[in-house]
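Each remark here refers to the structure printed beneath this line.
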Amino acid sequence: MPATAPRPDRRTRVLQATLVALPLLAVVAAVLLTQRGGGDPLPSPPLEVLRPRVELQTAQGDASAEGDPFAYTARRRQELERRAASGLSHVIYAKSPGGVVASAARTARYRPLIERVARGADLNPDLIEAIALLESAGRPDATADPELEGAVGLTQILAGTGAGLLQMRVDTAASRRLTARIRRAEMRGRIGRARRLREARRTVDERFDPVKALEGTARYLTFSRRELGRDDLAVVSYHMGVGNLTSVIEDFGAGPEPSYAQLFFQTTPKSRPRAFRRLQGLGDDSVTYYYRVLAAREIMRLYREDRATLERNAVLHSAKNSAEEVLHPGDKTDVFDDPEELKDAYGAGELRLFPDAPGPTGLRRARQMGELARKLKQPRTLYRGLRPGAYALALYLARLTRDAGGGRAPLTVTSTVRDRSYQDLLARRNPEATRSYSLHTTGWTFDVLRRYSGGRQSRAFQFALDRLEALDLIAWVREPAAIHITVSSDAKRLQRLVVEQGG
């Protein structure tokens, strides 16, 4: 108990928490404290609701994966694939050259050719088209390195893979010379000459030829499907390589031809340590490649069938440095304008107090949380809460971190809910605070201090962030002092693991 603890007749009550059994992790039992935040007196009676007695109990029948609504089961495979495609789509929206709509338009020009190539190889044209969007944003001249030994062309084929496995003509020396001449012609405005040089380059380096590139990609997918036995694994291998993926499957040890969703979602530092270490050792984005292909496929579908939604998604993805406004668009999300609205929300159960109970929860509440409340003549306690779904997700995150080898040291939460008046005051003092729509004013966002007990906790926390993003449960961004985490409203499904005993 801190040195500033209240007198015994006003002491904090802490109810013992128990674990909720889950296969991926155990959502930790948590408590709500009756302490008065930062020594601030609570007004009465409006904020009496901030002091309920709450206990998280072990849910019955949750000893299997069915107890965790986001654990992998064969029945949930398609749902989890959709979630991962959505959760990992932000990078495509944020980094597509000229914007995602323009990139989709460039890619769509090749659809007739893609369908012809796909029919000849008995492949899904949507997946080949998605690879073209993801790899090059529909640009047949895209290159990954100036030496042209790396990925090149519409489907970004490596020089070694193209010349060897795919039996394409790849003369990198001649290709480099022609590339230099193309750039000089473009700088001088000689567009016709640049076009003729590009045609010449396609003959010495077939990776620059859209027809040859798509046919090469089809040959690779046909080969890898024959080796691995599944279309999803064939797509994964396009980036990871057949050899690497085969080794991961062997380390995973679930028998032949698991789905990639099973392999991905059931591989954790605790459950499949050898497979996890091998995936981490790849050092690139191979692990999530399949889901980004699925995200690209959805983008192309929207481009053809629902352009308005695609354009709106593009705006939401570009609004912040994460997909947080996709999870909670400003025009469709309730925000708290002032302290009275916060008080009403606590009273209605729309917010719950964030406790300082690091032992059972794995989360420590920073002392400074709500520190500007006095400027508004309000208790700090008012700014120490979250939506119930966001609170449940915070527990889930902390338990994932511990189960991934992060140790028993708690993570420190520095900020939770605010109202607009608090946010305006903060923005005048802190240049990093937004003056526009802040997700903190929704109750769905909290910040975790970037200070860890050591490298193991840092890596475990990173795993937890990546996994929850792949489940489309959070959007997060790394700020100078903290990790800013916004929680999807889908996290409400975790609330059933939080059993409250009446106040």
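Whatever position you read off the sequence shown (first residue = 1), add 40 for the numbering used here. A virtual CB, placed ideally from N, CA and C, is assigned to each residue, including glycine.
Worksheet entry | Selected residue, minimal CA-CA separation from Leu-167, among Ala-114, Asp-211, Ala-258 | Ala-258
Fill in: Whole-number beta carbon distance between Gly-483 and Ala-430, since they are thought to touch under 8 Å
7 Å
Worksheet item: Sorted by chain position, which residues of the same chain lie with C-beta nearer than 6 Å to Ala-20's C-beta, five sequence neighbours on each side aside?
Response: There is no way to answer for residue 20, as the model of the chain reaches only from 41 to 543.
Fill in: Residue interval of the alpha helix (DSSP H) (run including Phe-248)
Careful: Phe-248 lies outside any alpha helix (DSSP H) and carries neither H nor E.
Practice prompt. Return the Cβ separation of Gly-402 and Leu-433 in integer angstroms, given the expectation that the two are a contact with Cβ distance under 8 Å.
Written response: Contact flag wrong, Cβ pair sits at about 13 Å.
Item to complete: Return the residue from the list Ala-111, Gly-160, Glu-519 that minimises the CA-CA distance to Ser-362.
Response: Glu-519
Item to complete: Tell whether a beta-carbon distance below 9 Å holds between Leu-273 and Leu-254.
Response: no
Worksheet item: In the structure shown, what three-state DSSP assignment does Thr-44 receive?
Response: Residue placement at Thr-44 is flagged as unreliable, the pLDDT there being 31, under the threshold of 50; a coordinate-derived value is accordingly withheld.
Discussion item. Short of 8 Å in beta carbon distance, which residues of its chain neighbour Leu-416, apart from the five on each side in sequence? Order them along the chain.
Written reply: Pro-379, Ser-461, Tyr-462, Leu-465
Discussion item. Taking 8 Å as the limit between beta carbons, can you name the residues of its chain near Ala-161, skipping five residues before and five after?
Written reply: Ala-258, Arg-259, Leu-261, Thr-262
Worksheet entry | Other residues of its chain near Val-68: CB distance less than 7 Å, five sequence neighbours each side excluded | Caution is warranted here: a pLDDT of 35 is assigned to Val-68, below 50, making its placement in the model unreliable, and no coordinate value can be reported.
Practice prompt. Under 8 Å by Cβ, that's how I've got Phe-501 and Thr-456 pegged, so tell me the actual separation to the nearest angstrom.
Written response: Not a contact, Cβ separation roughly 18 Å.
Item to complete: Look at the Cβ atom of Leu-174, then the Cβ atom of Thr-212, and state whether they are nearer than 9 Å.
Response: Contact flag unset, no.
Practice prompt. Can you say whether Ile-171 is buried or exposed, counting buried as having 16 or more other CB atoms within 10 angstroms of its CB?
Written response: buried
Fill in: the stretch 491-507 contacting the stretch 345-354, beta-carbon criterion three pairs below 8 Å
no
Worksheet entry | Host beta strand (DSSP E) of Phe-486 (start-end) | Counted as a single uninterrupted DSSP element, the beta strand (DSSP E) harbouring Phe-486 occupies residues 485-489.
Discussion item. Tell me the residue span of the alpha helix (DSSP H) that contains Val-192.
Written reply: No alpha helix (DSSP H) contains Val-192, which DSSP labels as neither H nor E.
Worksheet item: What separation, rounded to the nearest whole angstrom, lies between the Cα atoms of Glu-390 and Lys-383?
Response: 10 Å
Worksheet item: Quick one: is Gly-545 buried, meaning 16 or more other Cβ sit within 10 Å of its Cβ, or exposed?
Response: Not covered by the structure: residue 545. The range shown for the chain is 41 to 543.
Fill in: Identity of the residue in Ala-388, Gly-387, Arg-407, Gln-302 nearest Asp-396 by Cα
Arg-407
Practice prompt. Kindly indicate which three-state DSSP category His-130 falls into: helix, strand or coil?
Written response: helix
Worksheet item: How do the stretch 347-357 and the stretch 128-139 stand: do at least 3 beta-carbon pairs fall below 8 Å, yes or no?
Response: yes
Worksheet item: Within the chosen definition, does the stretch 151-165 reach the stretch 133-143 through at least 3 CB pairs nearer than 8 Å?
Response: Here the stretch 151-165 makes no contact with the stretch 133-143; the two share fewer than three CB pairs at distances below 8 Å.
Worksheet item: With which residues is Ala-522 paired in a DSSP beta bridge?
Response: Leu-489
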